[in-house]
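Asks: First the structure, then my questions, so here it is.
Number of protein chains: 2
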Amino acid sequence: MTEIVKKDLLYKGKAKEMFTTNDPDTMWVHYMDQVTAFNGKKKVQMEGKGQTNCEISALIFKDLANHGIKNHFIKQIDSNNQLVKRVKIIPLETVVRNFASGSFEKKFAVKHLMKFDKPVQEFFYKSDELDDPFINDFQAEALNVATEGQMNKMRAIALKVNDRLKEIFSEMNIDLVDFKVEFGIDSDNELILADEISPDSCRLIDRDTKKSLDKDVFRKGLGALVPVYKELLGRLEKVEDVK
Amino acid sequence: MTEIVKKDLLYKGKAKEMFTTNDPDTMWVHYMDQVTAFNGKKKVQMEGKGQTNCEISALIFKDLANHGIKNHFIKQIDSNNQLVKRVKIIPLETVVRNFASGSFEKKFAVKHLMKFDKPVQEFFYKSDELDDPFINDFQAEALNVATEGQMNKMRAIALKVNDRLKEIFSEMNIDLVDFKVEFGIDSDNELILADEISPDSCRLIDRDTKKSLDKDVFRKGLGALVPVYKELLGRLEKVEDVK
Ligand SMILES: Nc1ncnc2c1ncn2[C@@H]1O[C@H](COP(=O)(O)OP(=O)(O)O)[C@@H](O)[C@H]1O
Ligand SMILES: Nc1ncnc2c1ncn2[C@@H]1O[C@H](COP(=O)(O)OP(=O)(O)O)[C@@H](O)[C@H]1O
Ligand SMILES: [Mg+2]
Ligand SMILES: [Mg+2]
Chain A
54 MTEIVKKDLL YKGKAKEMFT TNDPDTMWVH YMDQVTAFNG KKKVQMEGKG
104 QTNCEISALI FKDLANHGIK NHFIKQIDSN NQLVKRVKII PLETVVRNFA
154 SGSFEKKFAV KHLMKFDKPV QEFFYKSDEL DDPFINDFQA EALNVATEGQ
204 MNKMRAIALK VNDRLKEIFS EMNIDLVDFK VEFGIDSDNE LILADEISPD
254 SCRLIDRDTK KSLDKDVFRK GLGALVPVYK ELLGRLEKVE DVK
Chain B
54 MTEIVKKDLL YKGKAKEMFT TNDPDTMWVH YMDQVTAFNG KKKVQMEGKG
104 QTNCEISALI FKDLANHGIK NHFIKQIDSN NQLVKRVKII PLETVVRNFA
154 SGSFEKKFAV KHLMKFDKPV QEFFYKSDEL DDPFINDFQA EALNVATEGQ
204 MNKMRAIALK VNDRLKEIFS EMNIDLVDFK VEFGIDSDNE LILADEISPD
254 SCRLIDRDTK KSLDKDVFRK GLGALVPVYK ELLGRLEKVE DVK
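Chains as they are written, first to last, in the numbering used here: chain A, 54 to 296; chain B, 54 to 296.
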């Protein structure tokens, strides 16, 4: 395999810069030292944030692959850069909830962290202009955002991710409240897990202190974010079978 | 059958008063001369409005029963009162859309009246306090609002209603843009169509003039509402096989 060389900036999102490489199927992802919330309305630069997310996401994606969940991760380049398979992202955020929080709690006025008997699954349409609206299968099909088959597949994979993440976080003494993932179509036309899994995209609660170990610390202004992310990475690195 | 006698006001909604009767399985529905929009924020009294809606709903429910769609309608008492089977309402508004309008158009910023290849189906959680939020199956199950089996059944019946309504309105030179229905569980534990089907709960466009023949006239302040509803009732009464 020839060495992969970073080329042009293809897309700069709110957390990552995506670069093309000399291989059309490989992307170079740079995790930025930036955190945003409320669709970019709140935005702060934070040293060390890119690195922790890059490393957490790498560890989790490697573990998921080891547990039979195909994903875009190829390898870590350095502390805040990684290589991934280039995919065509399906513009849906696939959400799984184990406990009520965030938009669910607000919309339905239920008790914070009410436990669900079975995971609640939702899709949000990734559209900054439309403010990422909550969407159902009929709407997504009507808008040509995804097919019914793709949505069923994304839901099924997301449930497997949920099962494995709950195991990992449980070993870290953490409850997985909810998380979002993204999927894309790779060059073999296969639908695989992509983007990132990190404290930016999960809600995590320490079982003893009941404190958030995720982006809610930033959303709610609960204190410094990077130390929390570093604490999380430290615990993750200690999990026996995650490496 | 002993004569049905109106008893106590059980529930006063935004359009109808529901009375108990001497028969525990029968409700007396009074259609009020009142129209509301935006969850009751806009409200006006209008003579003749209750009557037209009561008569339109009666004609449609009778026709749907004739076409195999079980529903709560028993009989018309007078111009703005009818008897219906008492049900336990499932607090979901079941929406079917043939063309983009209303909240769909707004949320997804699509062209007004964009035609859908297949009907788009949605549920909204009937809750004045929560402002009738859009809800998916997982959420409705988690909140004990409805079971998956009930939602599948409601969707299936709503599609049949759509097919028949499109036929009826087509004979009236009208496009059925969208509509909402409600379902309930009757004393035999059967899930049946309930509430009303009227220009309050449908969006209807005249194929020639492209004018609204429904509550949008009121929502958008396009002129007097009752003459429009009367025009609609007049056309409905002329449809050959609706009686
Ligand atoms: N494997 C991949 N191939 C192509 N695009 C990807 C891949 N993984 C993630 N992306 C996309 O990269 C973009 C940058 O990520 P991010 O900064 O998180 O963006 P956003 O602001 O949309 O959240 C996102 O649009 C994401 O969907
Ligand atoms: N057959 C029925 N049995 C019991 N309740 C019914 C039946 N049909 C409709 N309802 C309920 O009657 C109430 C009054 O109707 P309406 O004035 O339209 O109320 P709303 O303000 O909730 O729209 C609604 O809550 C509706 O769900
Ligand atoms: Mg992102
Ligand atoms: Mg009503």
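C-beta atoms are modelled at their ideal positions from N, C-alpha and C, and glycine is treated no differently.
Since this is a predicted model, take the numbers as computed values, not measurements.
Are A:VAL214 and A:ILE142 close, meaning C-beta to C-beta below 8 Å?
Replies: no
Asks: Please confirm whether any heavy atom of ligand 2 lies closer than 7 Å to the CB of B:ASP61.
Replies: no
Asks: Nearer than 7 Å: is that true of the beta carbon of B:PHE155 relative to any heavy atom of ligand 2?
Replies: Per the sequence presented here, residue 155 of chain B reads as Gly, with Phe not at that position. Not under cutoff, so the answer is no.
Asks: Interface residues of chain B around A:GLN174 at Cβ under 7 Å?
Replies: Near A:GLN174 (Cβ distances below 7 Å), the residues of chain B are PHE191.
Asks: Applying the 10 Å Cβ sphere with the 16-neighbour rule, what's the burial state of A:THR105?
Replies: buried
Asks: How would you write the range of the beta strand (DSSP E) that A:ARG150 sits in, first residue to last?
Replies: 145 to 152
Asks: In the DSSP output, what is A:THR89 paired with across the bridge?
Replies: Answer is A:LYS96, bridged to A:THR89.
Asks: Does any residue of chain B have a CB that is nearer than 8 Å to the CB of A:PHE126?
Replies: no
Asks: Within 10 angstroms of its Cβ, does A:PRO280 collect 16 or more other Cβ (buried), or is it exposed?
Replies: Answer is exposed; the Cβ neighbour count stays below 16.
Asks: For the beta strand (DSSP E) that A:GLU235 lies in, which residues bound it at each end?
Replies: 227 to 238
Asks: Just verifying my parser: in three-state terms, what is the DSSP assignment at B:ASP259?
Replies: strand
Asks: Just to confirm before moving on: does the CB-CB distance between A:ASN151 and A:TRP81 stay below 8 Å?
Replies: no
Asks: Below 9 Å between beta carbons is the criterion; list the residues of the region 140 to 173 of chain B that meet it against any residue of chain A, in chain order.
Replies: ARG150, ALA153, PHE157, LYS160, PHE161, ALA162, VAL163, MET167, PHE169, ASP170, LYS171, PRO172 and VAL173
Asks: Can we say the region 201 to 212 of chain A touches the region 244 to 251 of chain A, given the rule of at least three CB pairs closer than 8 Å?
Replies: With a cut-off of 8 Å, the region 244 to 251 of chain A and the region 201 to 212 of chain A count as touching, because enough Cβ pairs lie within range.
Asks: Determine whether the beta carbon atoms of B:VAL295 and B:LEU136 lie at a separation below 8 Å.
Replies: Not in contact: B:VAL295 and B:LEU136 (Cβ atoms no closer than 8 Å).
Asks: Pull the bridge partners of A:GLU175 from the DSSP assignment, please.
Replies: DSSP lists A:VAL148 as partners of A:GLU175.
Asks: Leaving out five residues before and five after B:GLN98 in sequence, what residues of the same chain have Cβ atoms less than 7 Å from its Cβ?
Replies: Result list for B:GLN98: ASP86 and GLN87, in chain order.
Asks: In angstroms, rounded to a whole number, what distance separates the CA positions of A:GLY202 and A:LYS283?
Replies: 38 Å
Asks: By Cβ distance below 6 Å, which residues in the same chain neighbour B:PHE177 in space, the five residues on each side in sequence not counted?
Replies: GLU146, ASP185 and PHE187
Asks: Does the distance from the C-beta atom of B:ASP190 to that of B:LYS138 stay below 8 Å?
Replies: No, Cβ-Cβ distance for B:ASP190 and B:LYS138 is not below 8 Å.
Asks: Less than 7 Å separating the Cβ of B:ASP248 from some heavy atom of ligand 4?
Replies: yes
Asks: How about B:PRO252: is its C-beta nearer than 8 Å to some C-beta of chain A?
Replies: no
Asks: At what residues does the alpha helix (DSSP H) containing A:ALA118 begin and finish?
Replies: DSSP places A:ALA118 in the uninterrupted alpha helix (DSSP H) bounded by 102 to 119.
Asks: Return no unless some Cβ of chain B is closer than 8 Å to the Cβ of A:ALA195.
Replies: yes
Asks: Could you list the residues in the region 73 to 103 of chain B with a C-beta less than 7 Å from some C-beta on chain A, going in chain order?
Replies: none
Asks: Checking 8 Å against the spacing of the C-beta atoms, do B:LYS268 and B:PRO252 come in under that value?
Replies: The Cβ atoms of B:LYS268 and B:PRO252 sit closer than 8 Å to each other.
Asks: Who pairs with B:HIS83 in a beta bridge, going by DSSP?
Replies: B:GLU70 and B:ASN134
Asks: Cβ closer than 7 Å: which chain A residues qualify as neighbours of B:PHE187?
Replies: PHE187
Asks: A:GLN129: which of A:LYS179, A:LYS96 and A:LYS115 sits nearest, CA to CA?
Replies: A:LYS115
Asks: Of the choices A:ILE227, A:LYS219, A:LEU229 and A:SER254, whose alpha-carbon is the least far from that of A:GLU235?
Replies: A:SER254
Asks: Which one or two residues does DSSP pair with B:LYS141 in a beta bridge?
Replies: B:ILE238
Asks: Using a beta-carbon distance cut-off of less than 8 Å, what residues from the region 222 to 255 of chain B approach chain A?
Replies: Near chain A, meaning a CB-to-CB distance below 8 Å, no residue of the region 222 to 255 of chain B qualifies.
Asks: Among A:GLU175, A:ALA162 and A:LEU166, which residue has its Cα nearest to the Cα of A:VAL148?
Replies: Measuring from the Cα of A:VAL148, the nearest candidate turns out to be A:GLU175.
Asks: To the nearest angstrom, how far is the alpha carbon of B:GLY274 from that of A:VAL230?
Replies: 45 Å
Asks: Quick check on A:LYS159: does DSSP put it in helix, strand or coil?
Replies: helix
Asks: Where does the unbroken beta strand (DSSP E) through B:ALA247 begin, and where does it stop?
Replies: Per DSSP, B:ALA247 belongs to the beta strand (DSSP E) from 244 to 247.
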